[in-house]
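Residues 21 to 627 in the numbering used here are what the sequence shown spells out, letter by letter.
We put the CB at the ideal spot given by N, CA and C, even for glycine.
Quick notes on the structure that follows.
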Amino acid sequence: MRTTLHFLPDLPARAPAPTPASTPASTPGGAPGDVPAFAPGAAPAPGSSTVARFIRAQARTRRGDLALAATSGAIAASAATLLLGLSGWFLAGAALAGSAGPAAVQAFNYLLPSAGMRGLAILRTAGRYGERLFGHRAAFAALAELRPLLFAGIAASPPRKALALSAGEASARLVQDIDAVESAFVRRPAPWVAAAAAGTAVAVLALASPWAPAAYAIGMGMQLAVGRRLARRWCGEAGRDALRATGMLKDAVGAYLPATAELRCFGLTGRAVDAVMARDAELGAAILRRNHAQADLSAVHAGITGATLLAIAALAAGAGLPLLALAVLASLAAMEGTAPLIRAAQQQGALDEAGARLDEAMARDTTDTPHTTDSADTADAADTADAAPDHPGPASNATCPRPAPSSAAGLALRIGASVFPAGSRVGIVGASGSGKTAALQALLGLRGASPGYYAVNGTALENRPIGWARSCFAYAPQDPSPLTGTVAENLRLGAPLADDSALWQALADAQLDARVRAMPDGLRTWVGDGGLALSGGECRRLALARALLRPAPWLVLDEPTEGLDAETEQALIASLDRRLRQSGQGLLLVSHRPAPLRLCRALIEFP
């Protein structure tokens, strides 16, 4: 890329730039401006899964709650098996006593079985409650750590990957995929529950026939072996398809919903609805396939259970009707104890898909790939954020050396062949599509840098990981998207510890203080989803105020006065000039309007 450099005369009354009042904040163990990169854990062994390692680590951390959940589940399963068996024995015994005459009825002790059933029912309820309580407490505590790790992994991934992630995909990963992991975590006590039910059933069946436990063991073994195998085969792919289709539906809705006004104006609402309905139909078809597979599996489960119960009934027929009822109903309850394991196998496909997507989102390369890109990438970049370079390097890890400049006084920038010392005011001009915004994004690590074109404090960006010098810049983009929150929360993204007086001063310098004071709750006013409560120019000035709060050596502004009336523009330029004089910050300014360029002493013209 070729640029033409023009030097402009100083603004009237411009004072020499003093040493900036603020420098990038230091971080422990690093040079000033270093920001420790996110690392979800140690480098994994080949073939290991980040999510699987996370679940194992959290299972060790939450082993107390999981042990309580398993114990409670085992108690509930044993109580349910005994309750159903005892109920069958009691009903059969009462029927025989009633048919034997009044004397048998008077002799039949119904108090102890009734008390036993009531006690077992209470024990089963308490066990189920404990299983849910402790299992979900462990799962929610683990997910409270997984969600921040996932978000940090997405944010720390290479820009091309992070910025290409659509709202629908991000939502699917942060909601559906996390829910799949939650289900897997909650199901961890299931083997203990099944074992407790089986052990109780074997003990009860031994009262009816010595061969009945063997028949039950064979039936339960077939249930687990055949059921789990068929569940993976029939339900696995359907579960993966349903999860993918959910993400695509959310992606379609997220793409069309913000453009509702334009779609109505151009009569394209029907086309958008058709596109969303097509995705919805795909999701419905995937869910229908999954439900059919689950229904077929339920039929197999019922068949194996029925055959097992018939075999047990035949073996226990000689033990009398009460023991026969006890054996059959206890076996039925115990066979149902395998249901959580079968459901786990049914949902394994969805869990595998969720785990693969979460692994991709959380993956971090541990190598220091340089901050490079093809030279053509900057040539075809438009003034708005567009595609990132074809081969961006991964974000650096915490051990990557990043010697950020120790003071703003020595922080010089090189753009092309031009070197700008600290405190310089540089305007970047050129036709739309010439790559002005792309140049700012390269400095900020939002795209790869052309080899040999950019350097910070003498260090070429292509020799450092993407984002290495990001802390040296306070950026106000051309099309900001305020976070859903209050005015103060948006401003404190630039300075988390700033007090209200600093926020009001930044708003005043951005010519937005009067508007915010007129809001119902001032700084605590909710700006709405994406800044719906603000106009485009107000969103731009809110981003400018946030950038002014950030203690960085260089202020980077992309079309800061676009959409402003002439009076507001002049007031904004004057306040920016005053603030730059006070702070000594350097300025990189992209603008198509001539008025803001009066702030600059040099121009870079992009052909």
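Short Cβ contact (8 Å threshold) for residue i with residue j
i	j	result
Pro168	Gly93	no
Tyr474	Arg445	no
Ala99	Leu143	yes
Gly453	Ala462	no
Val213	His156	no
Ala221	Ala350	yes
Leu352	Arg248	no
Gly583	Arg560	yes
Leu564	Ala515	no
Leu88	Ala79	no
Gly443	Leu609	no
Leu140	Leu102	yes
Glu509	Gly369	no
Rounded straight-line distance, which links the Cα of residue j to that of residue i
i	j	result
Ala451	Met268	37 Å
Met137	Ala127	20 Å
Leu116	Arg152	40 Å
Ile95	Thr280	55 Å
Gly505	Gly550	9 Å
Ala629	Gln498	Past the boundaries of the shown model lies residue 629; the chain is included only from 21 to 627, so the question cannot be answered.
Ala37	Pro441	For Ala37, the predicted model reports a pLDDT of 35, less than 50, meaning its position is unreliable and no value from the coordinates is stated.
Ala615	Thr457	19 Å
Ala292	Ala553	26 Å
Thr81	Leu163	13 Å
Leu607	Cys620	8 Å
Gln525	Thr70	45 Å
Ser119	Val125	9 Å
Ala401	Ala200	Low confidence applies to Ala401: its pLDDT is 36, below 50, so where it sits in the model is not reliable, and the reading given next is rough at best. Distance between the alpha carbons of Ala401 and Ala200 is about 39 Å.
Gly436	Arg512	34 Å
Ser313	Leu335	Just to set this straight, residue 313 is Ala in the shown sequence, not Ser. Those two C-alpha atoms are separated by around 33 Å.
Leu527	Gln602	16 Å
Asp578	Ala158	47 Å
Ala135	Gly108	15 Å
Ala333	Ala364	30 Å
Met297	Ser203	29 Å
Leu596	Asp585	16 Å
Ala534	Arg599	18 Å
Ala277	Thr581	Per the sequence shown, residue 277 should be read as Leu rather than Ala. In a straight line, the C-alpha of Leu277 is about 28 Å away from that of Thr581.
Val273	Ala295	9 Å
Glu380	Gly556	35 Å
Gly604	Val536	27 Å
Val320	Ala223	26 Å
Gln196	Ala72	17 Å
Glu356	Pro122	38 Å
Terminal residues of the alpha helix (DSSP H) in which residue i lies
i	result
Val224	210-228
Gly290	289-335
Ser119	83-120
Phe205	198-206
Arg434	Segment 433-435 is the beta strand (DSSP E) holding Arg434; no alpha helix (DSSP H) there.
Ile486	It is not in any alpha helix (DSSP H) - Ile486 carries neither H nor E in the DSSP assignment.
Asp520	520-529
Val348	341-356
Phe160	131-176
Leu503	Here Leu503 belongs to no alpha helix (DSSP H), and DSSP marks it neither H nor E.
Whole-number beta carbon distance between residue j and residue i, since they are thought to touch under 8 Å
i	j	result
Ala306	Ala374	Incorrect: roughly 15 Å between the Cβ atoms, too far for contact.
Trp254	Leu308	That pair is no contact at about 13 Å.
Ala567	Ala496	4 Å
Leu562	Leu592	Leu562 to Leu592, Cβ: 13 Å. No contact.
Gly290	Gln367	So it is not a contact: roughly 37 Å between Cβ atoms.
Val449	Pro502	The Cβ separation is near 27 Å, so there is no contact.
Gly455	Ile486	Not confirmed; about 18 Å, so no contact.
Ala354	Ala217	4 Å
Ala228	Ala339	4 Å
Ile198	Leu250	Contact doesn't hold; Cβ gap of about 28 Å is too wide.
Residue interval of the beta strand (DSSP E) (run including residue i)
i	result
Glu587	Looking at the DSSP string, Glu587 is not in any beta strand (DSSP E); the run it does join, the alpha helix (DSSP H), is 586-603.
Tyr474	474-476
Leu609	606-610
Arg445	445-450
Glu625	622-626
Val576	574-578
Val439	438-440
Ala245	No beta strand (DSSP E) contains Ala245, which is instead part of the alpha helix (DSSP H) from 232-250.
Ala494	493-496
The ligand GTP heavy atom lying under 7 Å from the CB of residue i
i	result
Leu532	Absence of the ligand GTP from the depicted structure is noted, as is the absence of any ligand whatsoever, leaving it without description.
request  = Could you tell me whether the segment 538-549 touches the segment 567-576, using the rule of 3 or more Cβ pairs below 8 Å?
outcome  = Between the segment 538-549 and the segment 567-576, the count of C-beta pairs closer than 8 Å stays below three; the two stretches do not touch.
message = Does the segment 477-487 come into contact with the segment 507-519, if we say contact requires no fewer than three beta-carbon pairs (one atom in each stretch) closer than 8 Å?
response = no
request  = Count the CB pairs spanning the segment 342-352 and the segment 104-115 that are closer than 8 Å, and state whether there are at least three.
outcome  = yes
request  = May I ask you to verify whether the segment 298-305 touches the segment 324-340, counting CB pairs closer than 8 Å and requiring at least 3?
outcome  = Fewer than three Cβ pairs drawn from the segment 298-305 and the segment 324-340 lie within less than 8 Å of each other, which leaves the two stretches out of contact.
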